[in-house]
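Numbering of the sequence shown is given in my numbering, commencing with residue 117 and proceeding in unit increments.
Glycine included, C-beta positions come from ideal geometry on N, C-alpha and C.
This report refers to the structure that appears directly beneath it.
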Amino acid sequence: MSGLCLAQLKRGIIAPALAHIGLGGDAAVNLLAGTALVESGLAYTRQIHGPALGLWQMEPATHDDIWATFLPDVRLSLLRGAVLDLAAHWPARLAQLAGNLPYACAMARLKYYRAPEPLPAATDAAAMCRMWKGTYNSNLGAGAADARHVALFQQAIGA
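Below, the structure is given as structure tokens:
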């Protein structure tokens, strides 16, 4: 399996997308790079035998819940507008998780933003892996906060 260049993804997609929505910084960029690496290997835009979409493998229900219960908050109007800036008019926003990398990255960042825990330090791969497992992959997900996944977050930090 081959995929995208992690360093180019970080600098060309993740960092600008997160800066655009006002939720950037080294910790966020590394966390989102690591999340894409563990979720899709930077190679898959559709989950095999599942509904998740994009490099960040976001489930449709998660995407729709963010739009239905989080972004309508009047206090988040600027954030909502910034995310809408990244979305194209076609195809539907849900379908864009597979092909619109800045939009998919922003939506994945919102999943973490909703969590009560602060982001881990920008260089703490183990803490990033634990946050991914607890917040993004969840206890029901197939991933684990193990040495293999920590190594992928370390790779993302170093890219």
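Taking Ala198 as the centre and dropping the five residues before and after it, the same chain places the C-beta of His136, Ile137 and Gly138 closer than 7 Å to its C-beta, in chain order.
Note: Met174 is bridge-paired with Leu169 in the DSSP secondary-structure output.
With a beta-carbon spacing of about 7 Å, Leu217 and Leu171 fall inside the 8 Å limit used to define contacts. The closest CA to that of Asn146, considering only Gln173, Arg162, Cys221 and Leu169, is found on Cys221. By the 16-neighbour rule on beta-carbons within 10 angstroms, Gly274 is exposed.
Take Asp142, set aside five residues on each side of it, and the residues of its chain with a beta-carbon closer than 6 Å to its own are Ala238, in chain order. Contact between Leu153 and Ile130 fails: their C-beta atoms lie close to 11 Å from each other, not under 8 Å.
Measuring C-alpha to C-alpha distances from Leu235 to each of Gly140, Ala203 and Pro132 identifies Gly140 as the nearest.
With fewer than 16 other beta carbons inside 10 angstroms of its own, Gly215 counts as exposed.
Gln270 and Ala203 have their C-alpha atoms spaced approximately 30 Å apart. Taking the CA atoms as reference points, Gly157 sits about 13 Å from Ile164.
DSSP, read as helix, strand or coil, puts Arg162 in strand. The Cβ-Cβ distance between Ala159 and Leu120 falls below 9 Å. Residue state for Arg246 is assigned as helix, using DSSP reduced to three classes. Here Gly150 is buried: its Cβ has 16 or more other Cβ atoms, across all protein chains shown, within 10 Å.
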